[in-house]
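Engineer: Okay, here's the structure, questions in a sec.
Numbering (my numbering), first residue to last: 432 to 985.
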């Protein structure tokens, strides 16, 4: 090795005495970490220089691409570590979210840098595309900038998804396609990459670029060509940051939301269903001991246990089922998670009823993978997604998706339009959602509850009806004239211990409505709707629980 080079290197390293001396005087504890960082930097530069020397001497395009792939993987590892550190600083201890996956980040950086780099070397710069003397420094500069911006962009994207996951679920639940629901989060991520780049362009031109220009001059390039090269490199740095981030989010999205993530969901579902089976058996035994199951016209059948296969299947009363309706169209549709009484006149349900157990409030099946769909088991004309488009009404679940996470089929069927009514956005997002959450809390508290809910249509003043013939001019949406409810009702029955029931009525409007004011007795709601709720109860119990309602009892 050249003795002069060693001497010059030592003289250059002596400049480290300036920051080391400052730390010694002001913050001696930081000296050790400073020294470790310097040693690490020197070793990294040494390894990098040896690799670059080999690449330049061999001068093979495929070997250079392999080097880029390895460097992209290393850069992705740095990105994941930085994102995890940032997540640890801001993580809510009650939440457990998945980390940024390293493979999509590696591929995003590699493909982005390779595409932009080959574009520069092959179409913009007048050089040989396979030349390692150009390929290595160009792709290294692009990779460095893309890595820095990737950390900012992914941090913003993941943090936004975690903070506003309800916004994504809400958009998906109201018929927006997956990409459209992700737009607010993609916009934030893009701005996190573009904004600092634009803000720092002037500083980049004043400080960083002159250093690079000087290096290009030393290499024998004319000032005009040097300006051209640096202009293209600056533009390319912005382009590669956006492209790499887009590819990474796309590939990560396939893991978080689509097929690659379904293996973990299936495993979680198997564990959950096993637990649910145990819970359901316990609930059945407890309810049977309390005499809650009896013979009746509407039955729920449970399969006998394997060791007692010779026994007859046990039938249980479906206490949630209202009495049959005779004054309006009614088509009973039995689903895995609920039963609905469909009204072909209103294109909405008369009522939707379901038995919500504690185990059914848990599960790994998420609504983010579902879309609203026509129910082909009812005759046309029927409600379609186009009826709700630009109607200014949400696609409001009657039996909520949150009560059907326990089973994939149940979750899918909850998105059929025979379980949906046009609902004001404010009501859907706040009061009605709060009531759904409260019902799940009650199911966990008491083990199981029976729920019936549906739309109310006003005719005159405070009087309601549910899809019966009337001269009242009814508001509708869409080509298929789906009726818009004036209000919604929900009645809840708890048969554990001392049976009790409660009802709620919320107007279909965006104004704030307190839950206390929405409380009604079941008798009052039966008067409004003309529906006989919980007819399977004995007459004495039915009269008692339906006559009064109080939130304090729950």
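Don't be surprised by glycine CBs; every beta carbon is placed ideally from N, CA and C.
Ordered along the chain, which non-local residues of its own chain (more than five positions away) have a Cβ less than 6 angstroms from that of residue 483?
Structural biologist: So the qualifying residues of the chain are 567.
Engineer: First and last residue of the beta strand (DSSP E) that includes residue 797?
Structural biologist: Per DSSP, residue 797 belongs to no beta strand (DSSP E) and is neither H nor E.
Engineer: If you run the structure through DSSP and keep just helix, strand and coil, what is residue 511?
Structural biologist: Helix, per DSSP.
Engineer: Can you name the start and end residues of the alpha helix (DSSP H) that residue 440 belongs to?
Structural biologist: Run containing residue 440: 434-444, per the alpha helix (DSSP H) assignment.
Engineer: Curious, which full-length alpha helix (DSSP H) runs of at least 4 residues does the stretch 851-926 contain?
Structural biologist: Complete alpha helix (DSSP H) runs here, min 4: 856-860, 862-877.
Engineer: I want to know whether the stretch 913-926 touches the stretch 863-881 - three or more CB-CB distances under 8 angstroms.
Structural biologist: Output reads yes: the stretch 863-881 touches the stretch 913-926.
Engineer: Between residue 854 and residue 820, which are expected to be in contact by the criterion C-beta below 8 angstroms, what is the C-beta distance as a whole number of angstroms?
Structural biologist: Not really, about 15 angstroms apart at Cβ, beyond 8 angstroms.
Engineer: Following the continuous alpha helix (DSSP H) through residue 821, name the residue where it begins and the one where it ends.
Structural biologist: Run containing residue 821: none; DSSP gives neither H nor E here.
Engineer: Quick test of your reading: residue 885 and residue 783, contact by CB under 8 angstroms. State the CB separation rounded to the nearest angstrom.
Structural biologist: Their Cβ separation, rounded to whole angstroms, is 6 angstroms, which keeps residue 885 and residue 783 in contact under 8 angstroms.
Engineer: For a quick check, are the C-beta atoms of residue 506 and residue 551 less than 8 angstroms apart?
Structural biologist: Cβ distance not < 8 angstroms, so residue 506 and residue 551 don't count as in contact.
Engineer: Measure the C-alpha to C-alpha separation of residue 664 and residue 790 and round it to an integer number of angstroms.
Structural biologist: Computed Cα separation, rounded: 58 angstroms.
Engineer: Leaving out five residues before and five after residue 431 in sequence, what residues of the same chain have Cβ atoms less than 6 angstroms from its Cβ?
Structural biologist: Nothing can be reported for residue 431, as the shown portion of the chain is limited to 432 through 985.
Engineer: Measure the C-alpha to C-alpha separation of residue 941 and residue 788 and round it to an integer number of angstroms.
Structural biologist: The straight-line gap from Cα to Cα measures roughly 31 angstroms.
Engineer: For residue 558 and residue 549, I'd like the C-alpha separation in whole angstroms.
Structural biologist: Roughly 11 angstroms between the two C-alpha positions.
Engineer: Looking only at C-alpha atoms, which of 443, 937, 750 sits nearest to residue 861?
Structural biologist: Minimum Cα distance to residue 861 is reached at 937.
Engineer: Distance check for residue 481 and residue 563, CA to CA, integer angstroms please.
Structural biologist: So the two alpha carbons sit approximately 14 angstroms from each other.
Engineer: Spell out a yes or no on whether the stretch 907-917 and the stretch 807-818 are touching, meaning 3 or more CB-CB pairs, one atom from each, closer than 8 angstroms.
Structural biologist: Yes: at least three Cβ pairs fall under 8 angstroms.
Engineer: Using DSSP's beta-bridge definition, name the partner residues of residue 827.
Structural biologist: Residue 827 pairs with 852.
Engineer: Can you find the residues in the same chain that come closer than 7 angstroms, C-beta to C-beta, to residue 570, ignoring five residues on each side of it along the sequence?
Structural biologist: 499, 544, 548.
Engineer: According to DSSP, which residues form a beta bridge with residue 933?
Structural biologist: DSSP output for residue 933 lists 923 as bridge partner(s).
Engineer: Using the C-alpha atoms, what's the distance from residue 501 back to residue 536?
Structural biologist: Rounded to the nearest angstrom, the two C-alpha atoms are 13 angstroms apart.
Engineer: Please report the Cβ distance between residue 510 and residue 582, rounded to the nearest whole angstrom; I am assuming they are in contact, meaning their Cβ atoms lie under 8 angstroms.
Structural biologist: That pair is a contact at about 5 angstroms.
Engineer: Count the other CB atoms, across all protein chains shown, that sit within 10 Å of the CB of residue 887; report buried if there are 16 or more and exposed otherwise.
Structural biologist: Residue 887 should be labelled buried.
Engineer: Can you give me the C-alpha to C-alpha distance between residue 478 and residue 677, rounded to a whole angstrom?
Structural biologist: Approximately 31 angstroms between the Cα atoms of the pair.
Engineer: Look up residue 985 in the DSSP assignment and say whether it is helix, strand or coil.
Structural biologist: Coil at residue 985, not helix or strand.
Engineer: Within a Cβ cutoff of 6 angstroms, which residues of the same chain sit near residue 522, ignoring the five residues on either side of it in sequence?
Structural biologist: Only weak support exists for where residue 522 lies, its pLDDT of 45 falling under 50; the coordinates are left without a value.
Engineer: Do the stretch 577-591 and the stretch 613-627 meet, that is, are 3 or more Cβ pairs less than 8 angstroms apart?
Structural biologist: Yes, the stretch 577-591 is in contact with the stretch 613-627.
Engineer: Whose C-beta lies closer than 6 angstroms to the C-beta of residue 966 among residues of the same chain, with five residues either side of it excluded?
Structural biologist: Once the five neighbours on either side are set aside, the close Cβ partners of residue 966 are 754.
Engineer: For the candidate residues 614, 514, 958, 671, whose alpha-carbon lies nearest to that of residue 624?
Structural biologist: It is 671 whose Cα lies nearest to the Cα of residue 624.
Engineer: Between the C-alpha atoms of residue 576 and residue 532, what's the straight-line distance to the nearest angstrom?
Structural biologist: One C-alpha to the other measures close to 20 angstroms.
Engineer: Do you know offhand how far residue 738's Cα is from residue 835's?
Structural biologist: Because the pLDDT of residue 738 is 40, which lies under 50, any placement of that residue in the model is unreliable, and the question is left without a value.
Engineer: Taking the beta strand (DSSP E) that residue 562 belongs to, which residues open and close that run?
Structural biologist: Careful: residue 562 lies outside any beta strand (DSSP E) and carries neither H nor E.
Engineer: Alpha carbon to alpha carbon, how far is residue 841 from residue 805?
Structural biologist: Near 15 angstroms, if we compare the C-alpha coordinates of residue 805 and residue 841.
Engineer: How many Å lie between residue 487 and residue 565 at the Cα?
Structural biologist: If I take the Cα positions, the gap works out to 9 angstroms.
Engineer: Give the straight-line distance between the Cα atoms of residue 572 and residue 850, rounded to the nearest whole angstrom.
Structural biologist: So the two alpha carbons sit approximately 55 angstroms from each other.
Engineer: Measuring straight from C-alpha to C-alpha, what distance separates residue 859 and residue 975?
Structural biologist: If you take the alpha carbons of residue 859 and residue 975, they lie about 31 angstroms apart.
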